[in-house]
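Number of protein chains: 2
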Amino acid sequence: MTRDSRLEELYTAARMYYGDERTMESIAGELRVSRSTVSRMLRDARDAELVTISLRPPEAQRVEELARRISRLYGVQVHVVPSAPGDDQRERLRSVTEAGGALLDEMLEPGTTLGIAWGTTMAALLGTVRSRPVPGLRIVQLNGAINTEGSGLTYIATVLAGAATRWDATVHQFPVPAFFDFPATREAMWRERSVQRVLATQREATVAVFSVGAFDAEVPSHVYTHNYLTREDLSSLRSDGAVGDVCTVFLRADGTYRDIALNQRGSGTAPDRLLRIPRRLLVASGSRKALPLRAALRAGVATDVVVDEITATSLLSLR
Amino acid sequence: MTRDSRLEELYTAARMYYGDERTMESIAGELRVSRSTVSRMLRDARDAELVTISLRPPEAQRVEELARRISRLYGVQVHVVPSAPGDDQRERLRSVTEAGGALLDEMLEPGTTLGIAWGTTMAALLGTVRSRPVPGLRIVQLNGAINTEGSGLTYIATVLAGAATRWDATVHQFPVPAFFDFPATREAMWRERSVQRVLATQREATVAVFSVGAFDAEVPSHVYTHNYLTREDLSSLRSDGAVGDVCTVFLRADGTYRDIALNQRGSGTAPDRLLRIPRRLLVASGSRKALPLRAALRAGVATDVVVDEITATSLLSLR
DNA sequence: AAGTGCGGTGCACGAACGTGCAAGACTGGT
DNA sequence: ACCAGTCTTGCACGTTCGTGCACCGCACTT
Chain A
0 MTRDSRLEEL
10 YTAARMYYGD
20 ERTMESIAGE
30 LRVSRSTVSR
40 MLRDARDAEL
50 VTISLRPPEA
60 QRVEELARRI
70 SRLYGVQVHV
80 VPSAPGDDQR
90 ERLRSVTEAG
100 GALLDEMLEP
110 GTTLGIAWGT
120 TMAALLGTVR
130 SRPVPGLRIV
140 QLNGAINTEG
150 SGLTYIATVL
160 AGAATRWDAT
170 VHQFPVPAFF
180 DFPATREAMW
190 RERSVQRVLA
200 TQREATVAVF
210 SVGAFDAEVP
220 SHVYTHNYLT
230 REDLSSLRSD
240 GAVGDVCTVF
250 LRADGTYRDI
260 ALNQRGSGTA
270 PDRLLRIPRR
280 LLVASGSRKA
290 LPLRAALRAG
300 VATDVVVDEI
310 TATSLLSLR
Chain B
0 MTRDSRLEEL
10 YTAARMYYGD
20 ERTMESIAGE
30 LRVSRSTVSR
40 MLRDARDAEL
50 VTISLRPPEA
60 QRVEELARRI
70 SRLYGVQVHV
80 VPSAPGDDQR
90 ERLRSVTEAG
100 GALLDEMLEP
110 GTTLGIAWGT
120 TMAALLGTVR
130 SRPVPGLRIV
140 QLNGAINTEG
150 SGLTYIATVL
160 AGAATRWDAT
170 VHQFPVPAFF
180 DFPATREAMW
190 RERSVQRVLA
200 TQREATVAVF
210 SVGAFDAEVP
220 SHVYTHNYLT
230 REDLSSLRSD
240 GAVGDVCTVF
250 LRADGTYRDI
260 ALNQRGSGTA
270 PDRLLRIPRR
280 LLVASGSRKA
290 LPLRAALRAG
300 VATDVVVDEI
310 TATSLLSLR
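So this is what it looks like as C-alpha cells:
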C-alpha cells in the first residue's frame, strides 16, 4: 500500500463522514472494515490535515457583511476591522492603522514607488510597519506639510524616515507648504525644477496610501489643528460646502472639488492625478469621517479601503 | 438577549469544544447549563458557520508542497495544478490554462494594460476567460506573429478579439513578423512610428502573460511548427545552445539570451524589457517544457507561475 | 522451520453524544 | 390577571463513538 493511496482511502472515509454526515457504522459497511477501523481512519485523516476544523469568530461575519455592502456600493475592495464595544477612538485608530499597514505591506513589491499623503492617520500607520527590506522602494510625499508657524517638517521627516529605514526605501520629500497664501506662488513653484521632479515621481507612484480629513473628527486631522488654516480659510471652506479632505484637497459631500477656492492654493495631489496611481489605499477611522469618506469614495480616489466597524456602519447609514 | 451576544456564547462553546477538544459535559459545567444545551449550542454554532469543517483532498497537499519548493528555489509565486494519473497532455494543458486564466482574471483591474505573448498555450488560456468587463483594459501583443507563409494573423486576431470582447478591452496588435529575415529590417521597423507606438504601449503594460516554448514539447509550440523558422534557423539555435523561448526570444538553459544570433531578428519582448512589467504570469504545461521553464525562471521573467503537477515535478528533478 | 517484533484489525465496554418529550419560562394579547 | 402560543431547558433513553486488549498476518531473523 503506497502512502498516497492510503491518503486517498482516508480522504474517502473523511468525505463520507464529514461531508455526507454519514455514520461510521454505515461507512464501515461500505468499505468492508470494522467500525473501529473507520474511527481510526478518521483520526488519521484529521492528523494528516485532510480535514480541518476552523473556528471563525462571529465578528468576522458582521465585518464581512459590512465590507460586502460597502464594496458593492462604491466598487472598491474593503477591509472592515472589527471593534470591540469597549474600544475608544484611539484604540480603533490603532487597530485600523495596524490592519492598513499590513495590507500596505502586501502591496509593496520590489521597485514600487509609494505615494504617501501626510496626516495623523498616516503617522500612526507608518509606526506599525515592520522591518522588511523592499528593494528599490521609493517613498514620495503627495502633499506639502509646511504650516504657518515653524515647519512641522521635523516630525514628518522623523516618522517617514523611520518607515523608510525599516523598508530600506529612499524618501522623496515635498518641501512646500500644505497651502500657499497666494495661488500665484503655487503656480510659480510648480514651474520650479525641484518641484517638477517631485511631481514627476508622484506620477510614477504605483501605490498610494492616504486617509480622509474631517472638519470635526474625534481625533482631529492635522490640517485643522496645526495652524495650517486661518479662520478665514475655514469659513471659506464652509461656504464652499467642503466636508473634508483627501491629500489636503477639499471635497464636497458629492465628491466634487474643482471649484473649491482653497484648492487653488493647496499642494496636495488632487483626485484626477491620484486616479492615475494603480493601487490606492484609503485608511480611515472615526465615525465623524464617514461623510468625507463617502465623498472620497464618490470621487473614486480609492481602490482599497480599510475602516473600523463603527465607521463602516456610519458610512452605510448615511442617506 | 441580543443576537450578537448569543453568537458570542455559541462561539465560546465552539472554541472550548473544537478548539480545546473538551467534552460537552465539562463545558456544560463551566457554562452552567445542561450537557444537552451544549450539544444544541454546538449544532447552532455549526449552522451559523462559526465552525467550518473543510475537507482538503490529498492532492492539494502534494501540490502545495511542490509549489513551496519551486517558490523557494526561484523566488516566484507558484500555483501547481493537480493532475490525475490518467490525464493526458491535452487534459493537463486544459486544466493549467483554466487555472492560469482564473489567476489572470484576478490580476486585471480597471485601467490595466495587459501584455500577451502569442503562443499555443495563450490561445487555450484566452479561450477560458469568462465574460467580465474590465473598464479601460488594454491588451497589447508582446511579439509579432506573422510567419513566412500567409499571416497567421487571422487566427490570432480571432482569439484575441474573443477575449477582448468578453473583457470589453481594446486590442493593440503588433503587426510584424515573429522573426525578420534581416536584423536591419527589424532595426528599421523599430524606428517606425507605428511600431514605436506599440512598443510604447508594451512599456506601459502592468500585467504580462506568456508561456515558454520548448523545442520538443508534447504539444508543439507554434514557433517550431508553423513555418516561423527555417531548418537553418533551427540548427543555428541548436549551436547557440538555446533550449526554448519566452515571447519568441530564445534562452539557454542558464537563462542567458543576449548573444543568441536569432534574437537579433525576433520581434518578441526580451527579458530585460519584460522585467519592467510589474506582474508577469507564466503559464506552462508539459514536462518537456521543464528545461526552458527553468531557463525562464533563471532569467527572472516571471513573478507568478502556473504549472501542472507533472511539469512541476520535472522542473524540480532537473539537475 | 520456528521465533520475534510490529502494524493493523475486530471485539467489547464505557464514555460521549443526539434527540423526543414534557415541564418551565417568556411574550403578547385579551 | 389570565391564557394561549412559542421558545428554551433538562431529563432520559437509545445511538454513536473512542480505545484497551487480544488476535492475526506479515516480514525479517536465527
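If you're matching them up, the sequences are chains A and B in order.
Note that numbering that gives the first Met the number 0 has the first sequence beginning at 0, numbered continuously upward.
Note that numbering that gives the first Met the number 0 has the second sequence beginning at 0, numbered continuously upward.
Virtual Cβ for every residue (Gly too), placed ideally from N, Cα, C.
| Check | Outcome |
| --- | --- |
| Supposed contact pair Ala298/A and Leu261/A - C-beta distance, whole angstroms, cut 8 Å | That pair is no contact at about 16 Å. |
| Interface flag, Arg264/A vs chain B, CB-CB below 9 Å | no |
| Under the three-state DSSP convention, the category Ser238/B falls into | helix |
| Test item: CB-CB of Pro56/B and Ala47/A under 9 Å | no |
| Contacts of Ile145/A in chain B (Cβ-Cβ under 7 Å) | The premise fails here: Ile145/A is roughly 33 Å from chain B at the closest Cβ pair, so nothing lies under 7 Å. |
| Segment contact, 8 Å Cβ cut-off, at least three pairs: the stretch 74-93 of chain A with the stretch 289-303 of chain A | yes |
| Neighbour flag for Ser150/A against chain B, beta carbons, 9 Å | In this predicted model, Ser150/A has a pLDDT of only 49, less than 50, meaning its place in the structure is not dependable enough to derive any value. |
| Distance, Ser25/B Cα to Met23/A Cα | 25 Å |
| Neighbour flag for Gln195/A against chain B, beta carbons, 9 Å | no |
| Residue burial classification, Trp326/B (beta-carbon count within 10 angstroms, cutoff 16) | In the structure displayed, chain B extends from 0 to 318; residue 326/B sits before or after that span and is not available. |
| Contact list for Pro56/B against chain A, beta-carbon separation under 8 Å | Tyr10 and Leu49 |
| Residues near Tyr17/B in its chain [Cβ-Cβ closer than 7 Å; skip 5 each side] | Val50 |
| Range of the contiguous beta strand (DSSP E) that encloses Thr51/B | Val50 to Leu54 |
| 7 Å Cβ cut-off: residues of chain A touching Ile26/B | The premise fails here: Ile26/B is roughly 14 Å from chain A at the closest Cβ pair, so nothing lies under 7 Å. |
| Distance between beta carbons of Gly100/A and Val128/A, contact taken as under 8 Å | 5 Å |
| Backbone secondary structure at Ala156/B - three-state DSSP | helix |
| CB contact below 9 Å: Asp43/B versus chain A | no |
| In DSSP terms, what Val133/B is bridged to | Beta-bridge pairing links Val133/B to no other residue. |
| Counted within 10 angstroms of its Cβ, other Cβ atoms place Phe181/A as buried (16 or more) or exposed | exposed |
| Residues of the stretch 107-127 of chain B whose Cβ lies closer than 9 Å to any Cβ of chain A, in chain order | Glu108, Pro109, Gly110 and Thr111 |
| Inter-residue Cα distance where the pair is Leu65/A and Val242/A | 23 Å |
| Outcome for Glu105/B when other beta-carbon atoms lying within 10 angstroms are tallied against a minimum of 16 | exposed |
| Within-9 Å CB hit, Glu308/B to chain A | no |
| According to DSSP, residues forming a beta bridge with Phe179/A | Beta-bridge pairing links Phe179/A to no other residue. |
| Where Ile145/B falls: helix, strand or coil (DSSP) | strand |
| Buried or exposed (CB count within 10 angstroms, at least 16 for buried), Ser313/B | buried |
| Span separating the alpha-carbon of Pro323/A from that of Ile115/A | With chain A represented from 0 up to 318, any question about residue 323/A goes unanswered, as that position is not in the structure. |
| Chain B within 9 Å of Thr268/A, Cβ atoms only | no |
| Strand pairing of Leu228/B, partner residues [DSSP] | Bridge partners of Leu228/B: none, in fact. |
| Of the listed residues Pro109/A, Tyr227/A and Ala98/A, nearest to Asn142/A (C-alpha basis) | Tyr227/A |
| CB contact check: Ser82/B to chain A, cutoff 9 Å | no |
| Residue nearest to Ala295/A in terms of C-alpha spacing, selected from Val245/A, Arg318/A and Ile155/A | Val245/A |
| Beta carbon of Asp307/B nearer than 9 Å to that of Ser38/B | no |
| Span separating the alpha-carbon of Arg45/A from that of Ser53/B | 11 Å |
| Boundaries of the beta strand (DSSP E) in which Val305/A is found, first to last residue | Asp303 to Asp307 |
| For Arg278/B, the first and last residue of its enclosing beta strand (DSSP E) | Arg278 to Ala283 |
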